[in-house]
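There are 4 protein chains.
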Amino acid sequence: MGFAPKTLSSELCALSPVAILGVSGYAGMELARLLLRHPRFSGTAPVFLGRPDSAPERLTALHPQLLDNNGAGSLQIEPFSWDLLRDRGVQVLFLATPHEQSRELVPHALDHGLRVIDLSGAWRLEQPANRAVYKFSDEGSSVATAIQTQAIYGMPELHRDAIRHALLVANPGCYATSIILALKPLVSAGWVDTTRGIVCDSKSGVSGAGKAPTAKTHFMHAADNLSAYNVFAHRHTGELLEQLSLSPDQIVFTPHLLPIPRGILSTLYVWFREPQQPATIESLYRRFFAESPFVRIFAAGHLPQIQYSVHTNFCDIGFQLSADGLRCVIVSCLDNLLKGAAGQAVQNLNLMLGFQESEGLA
Amino acid sequence: MGFAPKTLSSELCALSPVAILGVSGYAGMELARLLLRHPRFSGTAPVFLGRPDSAPERLTALHPQLLDNNGAGSLQIEPFSWDLLRDRGVQVLFLATPHEQSRELVPHALDHGLRVIDLSGAWRLEQPANRAVYKFSDEGSSVATAIQTQAIYGMPELHRDAIRHALLVANPGCYATSIILALKPLVSAGWVDTTRGIVCDSKSGVSGAGKAPTAKTHFMHAADNLSAYNVFAHRHTGELLEQLSLSPDQIVFTPHLLPIPRGILSTLYVWFREPQQPATIESLYRRFFAESPFVRIFAAGHLPQIQYSVHTNFCDIGFQLSADGLRCVIVSCLDNLLKGAAGQAVQNLNLMLGFQESEGLA
Amino acid sequence: MGFAPKTLSSELCALSPVAILGVSGYAGMELARLLLRHPRFSGTAPVFLGRPDSAPERLTALHPQLLDNNGAGSLQIEPFSWDLLRDRGVQVLFLATPHEQSRELVPHALDHGLRVIDLSGAWRLEQPANRAVYKFSDEGSSVATAIQTQAIYGMPELHRDAIRHALLVANPGCYATSIILALKPLVSAGWVDTTRGIVCDSKSGVSGAGKAPTAKTHFMHAADNLSAYNVFAHRHTGELLEQLSLSPDQIVFTPHLLPIPRGILSTLYVWFREPQQPATIESLYRRFFAESPFVRIFAAGHLPQIQYSVHTNFCDIGFQLSADGLRCVIVSCLDNLLKGAAGQAVQNLNLMLGFQESEGLA
Amino acid sequence: MGFAPKTLSSELCALSPVAILGVSGYAGMELARLLLRHPRFSGTAPVFLGRPDSAPERLTALHPQLLDNNGAGSLQIEPFSWDLLRDRGVQVLFLATPHEQSRELVPHALDHGLRVIDLSGAWRLEQPANRAVYKFSDEGSSVATAIQTQAIYGMPELHRDAIRHALLVANPGCYATSIILALKPLVSAGWVDTTRGIVCDSKSGVSGAGKAPTAKTHFMHAADNLSAYNVFAHRHTGELLEQLSLSPDQIVFTPHLLPIPRGILSTLYVWFREPQQPATIESLYRRFFAESPFVRIFAAGHLPQIQYSVHTNFCDIGFQLSADGLRCVIVSCLDNLLKGAAGQAVQNLNLMLGFQESEGLA
């Protein structure tokens, strides 16, 4: 693209506490956008990093929509090196990289004294059985095992205190975020009859499928269509099992590809052990998320829609209870690139650096 | 619109065995399109009927896309009257009318010796409890009760023989068709553990919401969005209960509004009583639908998508079984205006008139 | 909808320098969103006004997507009255009302000492011939004539100084903004051979058609479709003629309805009097908009796309010149609800109150 | 995909007068669909051909939507060879191949006594200057020159008689079809002031960009967007110049990518030499296309929309005249895969084989 920036601010090349590796994808771009506007970093743009052997490239050549009048047009994506990170004073490194690359980089990053927020699935899962689907090449190595022990699952609503002091935050999966936040209060309270099974029927916009052009992301496949995929085989399943303390036979998770750019809606089905009242359920949710600025609870009987949460960092939750009080349908919505990826990562950053959890996310 | 028809075929005003009342909506338009091309009615267009007090109107003024070179442009929508139906020799009357109107018209139509295919929900439900949601004004009257007894649920795959001789066919709901066809073989075989509950998560294109402009059908609401609605309260639920012989506490059905013009995908979740094999399940489906030309069974582990069935009269069914053989996800797809409405109505017509079931639907 | 706000800030009911009448439509909602986040009004939410006889209603009941954690959930839309405006200390009144209502209200507002930014077409046109298409009921009255004389066409890039001191700003039409900004530099420079005619082929997302559910805004009409409308008859034509000093026979403007929620792309065709060079044209544009923070000029031969400008207040402009240097295709893009409506209105507000033009719009 | 065909008709492997090379793309698939239903070929499926070195593959494995109950599921795509074509008795070979491949194959096909309908741009252009954009490797060779002389531009509305006897038909470009049909009557009549320039602003659905997954066809680029491309450089421009007898400086053609799967709308702008009346223009169009079954003329002042023509073989044409009778906006719509590709190819086939022009296209 051919934007010519209006001004070139030399300050933008100065010291910066944060860096992003992997800014070419959708989550990386959203992260860049959020950090460029973050009030705590005004005047100090993040360090944007590409492959070690890449030529420097203008950020707005890749993402014309990021250009604005504050000099963003002159920002460069620089070749990755540990020296560069040290020279710029980077404290927190975001990895928006494929999971194999994150597995490889994180040990070195920690050795260099960096704190890491990893947006991939590399370090989210404690149980080897749940990690099997990733087929990590370093699975079982002593280094990887040691690092996994330190990793904190980066869902502030569940692990806020641990995140504040974490060296390595494993940012949750987008589907997993929408499901875990909606089910955790009910499951924790012991209300759900898990022997009857929990059904998670999730639908995601196409940005969740990544930026690589494929048969799946071709407009002609995605538009005017809906398809289920990876049934009983999606990588986010392990996150559900670990964070909700469920066994594999207690849950079914089916993701679908929606003909929209962004947004996830999960429809969740539980059977209660004993009849419940709508007001009691609503109250349980409100108490559970009382300190959480990015969860919005809808009044009983009102359901969120994808439109309400897209372009925000909110996870919206609503529910409908059957007349007998035993069957409950919960609907949760979020923007897969924000609360489901970059926005949640900034929440984690804020906690790690001692800022207000919501700074830069309003 | 301003089409000027090229030719006017006087034959098109001649005798016709079929008539449609309510041609302004989407299902009525599809029905008109199908019957205009039906090989058994070449040269004898259906009688198109509007309100008794309406002025005659060109069909293609309402639906420009129906115009072609065989004179369709000159076809009129005529004011409804019983005399007109008699004079034209109509034997089968399609009602694409609101359900209250169908309740009112059917007794008279039968009195006039007409056979009726009703596309509304007026006569689909045998049990008063299941009909309650419709709040019919004639509920419980002796006439209505007598007529309901004669009504045949118009799903050829389940009631083919009864339909051949039916005087009144109640054409199934679009959601109900996608769910019943996919679950019936498994439930009939006694494989499903109904005590654990069946989950039906269905998604429909906007044409299912009707032609009236409303806040729900506004492009700004439907596009880039997904929303669940009528949870535990959708009118098609009764059809599921009756055709699958289930009790209300054994099933949950959640419809969603998809940002696409047409098509339904239902994702169905069952738990089996005993472990099953994929090949056994596929085989069960194939046997069940061996004589049914409009059900396509996918090989085990392959799932249909909305795109494959749209603009066809097929209901596509596929499934994925869990490793333990106990949890099964079934996906079914169809075009809500064809197999879910007008196409299934033509299947029923073919059976009633002794034609091949698939004539005019290839 | 059922959001229950988390906090209720009593400050939000305090004095406020701005009010919006007509917050139910899309432009009104965007305006509310922008003003709620405007750094100059933190702690002082705008006054939101509905009909004089309306009951107070929560803003987020109408627009759930506006809810956030700063108390917006408790904001009320209050019944309109002049007393209320006075009591709240309102200085600037935004009118997001139909044009007939704006014609009626503006004289009273000025009498009450308010400054007005009107988003309708009521006061944009100086020439009676150009206003004829609106059929104003007070056309030609002495009051209306006097007020029209004071009205400033609210396009900061053309009338920045006049807007600073204006009592009444007529916020431009969305199509007109995209066309005038792209053509003004070329026409002003005298380069365009207007005797050969200028073609303006514009395409707009559905939000431009308003929030009322109509046959035109029904998803089934707008989706998978494109249609031209109001050819030689669109109300924005007069704005083109007046702001570009053209006569009606020198321009053709054709609007089209795009199957997307928001965004306008105008493709503009001019013939030059003498051959030009790409670099010269680019340079002309850059000089013309050197002081304008919300116009982005693309390098010669690079064209903007709707995606780059949506959800921003930018108007993006690019062009392609023919090999002979005589025929030029200019493409301009903007978000019809921001630079084409609410965003431009906030630019005007900033100028009127002596703020930086870009405050609250980054 | 896993369709298991219900029946295997051995007849489908018998002699066939037609073959398609290149059935994997969108135009090839539509061609397969049309020919499988063509009444003149019932019981004799076309020969479907892939690369010479490809393994046989089921047609419905590639295109599940083609499966139906008449045995299509068993149809094979066979490796290309001239012997196979001879053995099957093929008379007409469709090439749905890239243009370089069509350049290479056509001389051999003619040598083998085959008649060819080529859907690529290989043989559409008579003038070397207009072909330059293709950079054919055999440009100027005596063989290529001789073949080009025999090629007939396959637009039945303009060259019906020549097509009947053609050995090689060059099927027109999709954009070119929509523009030439709409302009030819006006230009031929000498009404258009070509010295003022003709503007062709065209918009196409994504299927026109081909099946290969690219950054351009990625859902995230195409959806919620509109972009102009190849301004002053599109390959179809030469077809406009040759078929309308215009010089390059008399026309500007700008294609745009629409966020819809299929359909083209062209908005065309002409200035008349002398004022015209709407009725005269409409009459001119009707006379010009009196014998053409696939052009629908709209009444003066009524404009076609993409929806009316999609899934049909019609080109719809409407216009709006300015009050002074001098400026005229013409809108034409068609389905780029049917009238813009496969449908027009079948029209040509029908003419070549002496069938009714509209057979198999109703």
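Heads up: the sequence lines are chains A, B, C and D, in that order. Quick note on the numbering used here: the first sequence kicks off at 5 and runs consecutively. Quick note on the numbering used here: the second sequence kicks off at 5 and runs consecutively. Quick note on the numbering used here: the third sequence kicks off at 5 and runs consecutively. Quick note on the numbering used here: the fourth sequence kicks off at 5 and runs consecutively. Yeah, the Cβ is synthetic: ideal placement off N, Cα and C, and Gly gets one too. All of these numbers come straight from a predicted model, not from anything done at the bench.
Rounded to the nearest whole angstrom, the CA to CA distance from D:Val274 to D:Thr198 is 8 Å. For C:Ser231, the three-state secondary structure derived from DSSP is strand. Measuring C-alpha to C-alpha distances from C:Phe302 to each of C:His225, C:Asp320, C:Ile310 identifies C:Asp320 as the nearest. The beta carbon of C:Gln311 sits closer than 8 Å to some beta carbon of chain A. The beta carbon of B:Ala227 sits closer than 8 Å to those of Pro263, all from its chain and outside the five residues before and after it, given in chain order. Neighbourhood of A:Ser211 in chain D, by CB distance below 9 Å: Phe223, Met224, in chain order. DSSP places A:Gly305 outside both helix and strand once states are collapsed to three, so it counts as coil.
Contact of B:Asp328 with chain A by beta-carbon distance below 7 Å involves Asp253. Fewer than three pairs of CB atoms, one per stretch, sit closer than 8 Å, so the region 289–299 of chain C makes no contact with the region 201–213 of chain D. By the Cβ rule, the region 53–72 of chain B does not count as touching the region 16–32 of chain C, because fewer than three pairs are nearer than 8 Å. Of all residues in the region 163–177 of chain D, none has a C-beta nearer than 7 Å to a C-beta of chain B. Three or more Cβ pairs drawn from the region 152–171 of chain A and the region 344–359 of chain A lie within less than 8 Å of each other, which places the two stretches in contact.
Interface with chain A (8 Å Cβ-Cβ cutoff): C:Asp339 is excluded. Nearest in C-alpha terms to D:Val27, of all of D:Arg44, D:Pro43, D:Pro50, D:His42, is D:Pro50.
Proximity of D:Asp122 to chain B, defined by a Cβ-Cβ separation below 8 Å, is not satisfied. Per DSSP, reduced to three states, the secondary structure at C:Gly364 is coil, with no helix or strand assignment. Measuring C-alpha to C-alpha distances from C:Ala180 to each of C:Leu245, C:His306, C:Lys139 identifies C:Leu245 as the nearest. Cβ proximity to chain A below 9 Å picks out Arg290, Ala294, Pro297, Phe298, Arg300, Ile301, Phe302, Ala303, Ala304, Gly305 from the region 289–305 of chain C.
Judged by DSSP secondary structure, B:Pro259 falls within the beta strand (DSSP E) whose first and last residues are 255–261.
Contact between A:Arg44 and A:Gly364 holds: their C-beta atoms lie close to 7 Å from each other, under 8 Å. Here B:Glu61 carries a strand assignment [DSSP, helix/strand/coil]. From the listed residues D:Phe236, D:His315, D:Leu341, the smallest Cα separation to C:Ile334 is found for D:Phe236.
Within the same chain, Ala23, Ile24, Val27, Ala36, Leu63, Leu79, Gln80, Ile81, Glu82 come within 8 Å of C:Phe52 by CB-CB distance, once the 5 residues on both sides are set aside. Cβ contact annotation for C:Ala232 (same chain, cutoff 6 Å, sequence separation greater than five): Thr258, His260, in chain order. Contact annotation: B:Ala31 and B:Leu99 have beta-carbon atoms that are not nearer than 8 Å.
Contact annotation, B:Asp328 with A:Asp253: C-beta distance approximately 6 Å; criterion of less than 8 Å satisfied.
Flagged as an interface residue toward chain D: A:Pro265, by a C-beta distance shorter than 8 Å.
Uninterrupted beta strand (DSSP E) stretches at least 3 residues long and entirely within the region 49–124 of chain B occur at 51–54, 80–83, 96–99, 119–122, given in chain order. In the displayed model, A:Ile268 falls within a strand according to three-state DSSP. Residue pairing from DSSP places B:Arg300 in a beta bridge opposite B:Asp320. The beta carbon of C:Ala49 does not come within 8 Å of any beta carbon belonging to chain D, so the residue lies off that interface. Closer than 8 Å to the CB of B:His315 there is at least one CB belonging to chain D. Residues of chain B with a Cβ closer than 7 Å to the Cβ of A:Lys207 are, in chain order, Leu230.
Residues of the region 180–206 of chain D with a C-beta atom less than 9 Å from some C-beta of chain C are Thr199, Arg200, Gly201, Val203, Asp205, listed in chain order. Rounded to the nearest whole angstrom, the C-alpha separation of A:Pro217 and A:Leu248 is 34 Å.
Cβ proximity to chain B below 7 Å picks out Thr271, Tyr273, Trp275 from the region 271–282 of chain A.
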